[in-house]
Amino acid sequence: MRSEKMKEFREEGHHRGGRYRGRDGSHQRGPKTFRRGRAIAFLEMMKLKRTTIKQQLEQPEFQSIQPILVGELKAIDMVINEFIQLFEIHESETMAPSDSEEDNEKSLKNDEEGNNLNENN
């Protein structure tokens, strides 16, 4: 009798959190989706840090620490790649690097050039 109850209990999907794995037919997204969202947010933060370091490599005031920045860039690339593999994150899940970042950089450079022209006049 006891084994019959356990069998029914397991078939219902309540044993060991089966309900959260979708056995009960619900399409409810629970803690797994929340954690995945947090992982993707962390990945975006890491990509932003990578972009910042890459920009610093191109700036003359950071030339004295260029070897350190190169090392940090390699390390952060390694962490990003391992993180993507560990959490099986696909490119479509993250925010794609937009062209707006490049546009912002170009507009900043144009603004600087415009300011220089104004100073000369």
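Under the working numbering, the letters of the sequence shown match residues 37 to 157, in that order. All C-beta atoms, glycine included, are put in the ideal place defined by N, C-alpha and C.
Residue i and residue j closer than 8 Å at C-beta
i: L105; j: I89; result: yes
i: R86; j: L109; result: yes
i: I116; j: M81; result: no
Start and end residues, alpha helix (DSSP H) containing residue i
i: P96; result: Segment: none, P96 is in no alpha helix (DSSP H) and carries neither H nor E.
i: E108; result: Q102 to F123
Nearest neighbour of residue i, chosen from the options [CA to CA]
i: M131; options: L93, I76, T69 and A111; result: I76
i: I125; options: P67, G66 and R74; result: R74
i: I120; options: E94, L93, K68 and R72; result: R72
i: L84; options: K68, F70, D113 and E118; result: D113
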